[in-house]
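Below: one structure, written as structure tokens.
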Amino acid sequence: MKTKKIGIVLITILSITTIIAQEKSKGSFDLGVDFASRYVWRGLEFSDSPAIQPYAEYSLGNFSLGAWASYETGGQVVGQEFDLYASYAFGAVTLGFIDYSFPVDGFSDGHFQIKNHIGEATLSFGGVDSFPLSAMIGVNVYNDDANSIYTEIGYPFTIGEIGLSAFIGAGNKIYSIHGNYAITNFGFTATKEIKITDSFNLNMSASTIFNPNTEDAYLVFVLSL
Numbered sequence: 000m001k002t003k004k005i006g007i008v009l010i011t012i013l014s015i016t017t018i019i020a021q022e023k024s025k026g027s028f029d030l031g032v033d034f035a036s037r038y039v040w041r042g043l044e045f046s047d048s049p050a051i052q053p054y055a056e057y058s059l060g061n062f063s064l065g066a067w068a069s070y071e072t073g074g075q076v077v078g079q080e081f082d083l084y085a086s087y088a089f090g091a092v093t094l095g096f097i098d099y100s101f102p103v104d105g106f107s108d109g110h111f112q113i114k115n116h117i118g119e120a121t122l123s124f125g126g127v128d129s130f131p132l133s134a135m136i137g138v139n140v141y142n143d144d145a146n147s148i149y150t151e152i153g154y155p156f157t158i159g160e161i162g163l164s165a166f167i168g169a170g171n172k173i174y175s176i177h178g179n180y181a182i183t184n185f186g187f188t189a190t191k192e193i194k195i196t197d198s199f200n201l202n203m204s205a206s207t208i209f210n211p212n213t214e215d216a217y218l219v220f221v222l223s224l
């Protein structure tokens, strides 16, 4: 099994290298940080205090490679996360892969041991002008014996200068209390961009999130720099 996992990693690296070699467009690099009142992901709460979430991403044509993290400001041993991801877009359809890891403050993370990671393959549709509905499916492909599945659809619209989106998501196994496929995440997100200077904008969002499976509700505010 270990040899098989190493083989998958090598194939992934070779595939990424091939894609980069084939792309002729000039690459770009982006980085930033989000300040979230809570880290709530797919209807599940991952922090009980505000979180700082930095990211860095390199894009080359339709290919993107990046890193994202979330660090809870309350200093709890939970709520820390560090992810690596890669994606390739074919028009409105995107194939992706995310490697999740969960560091623990003050302890060795064992980051270089694949057993301490969870890998997810994703397929998403970003919507087009004639059909703005978005959809995604994610399947855990290693270190999750249940191969948990999460699906989500969303629909964007606007009211005045406010951008809004309605979303509903469902998952099984690690996403739901009893492991059965259930709705775990639905609500609305409102976004607004504030122009500070000609070259700098401040982005804000507020999400009302409901999880009927755990009977929880959240109002999450995010400030993006």
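0 is the number of the first residue of the sequence shown in numbering that gives the first Met the number 0; add one for each residue after it. Where a beta carbon is used, it is the ideal one built from N, C-alpha and C, also for glycine. All values reported here derive from a predicted model rather than from experimental measurement.
Reference residue i; option with closest CA among the options
{"i": "VAL221", "options": "GLY178, TYR38, LYS25, ILE161", "result": "TYR38"}
{"i": "HIS116", "options": "ASN142, PHE130, GLY60", "result": "ASN142"}
{"i": "GLU151", "options": "ASP144, ASN139, GLN112, GLY170", "result": "GLY170"}
{"i": "ASP144", "options": "TYR57, PHE187, LYS114", "result": "LYS114"}
{"i": "LEU59", "options": "PHE28, SER129, LEU163", "result": "PHE28"}
Whole-angstrom C-beta distance between residue j and residue i, which should lie under 8 Å
{"i": "ASP33", "j": "SER223", "result": "5 Å"}
{"i": "ALA85", "j": "SER63", "result": "7 Å"}
{"i": "SER147", "j": "TYR174", "result": "6 Å"}
Range covered by the beta strand (DSSP E) that runs through residue i
{"i": "ILE176", "result": "From DSSP, ILE176 is part of no beta strand (DSSP E); its letter is neither H nor E."}
{"i": "GLY95", "result": "92-100"}
{"i": "GLU192", "result": "181-196"}
{"i": "ILE51", "result": "50-59"}
{"i": "ASP33", "result": "27-35"}
With 16 other Cβ atoms within 10 Å as the buried cut-off, status of residue i
{"i": "THR157", "result": "exposed"}
{"i": "GLY26", "result": "exposed"}
{"i": "SER46", "result": "buried"}
{"i": "LEU43", "result": "buried"}
{"i": "GLN79", "result": "buried"}
Counterpart residues of residue i in DSSP-defined beta bridges
{"i": "VAL138", "result": "ALA120, ILE148"}
{"i": "ILE158", "result": "ILE161"}
{"i": "ASP143", "result": "Answer is none; ASP143 lacks a bridge partner."}
{"i": "LEU132", "result": "None, per the DSSP bridge assignment."}
{"i": "GLU207", "result": "The sequence shown places Thr at residue 207, rather than the Glu named in the question. Note: THR207 sits in a beta bridge opposite PHE187, LEU218."}
{"i": "SER63", "result": "SER58, SER86"}
{"i": "GLY125", "result": "In the DSSP output, where bridge partners are listed per residue, GLY125 has none listed."}
{"i": "ASN200", "result": "LYS194"}
{"i": "LEU43", "result": "TRP40"}
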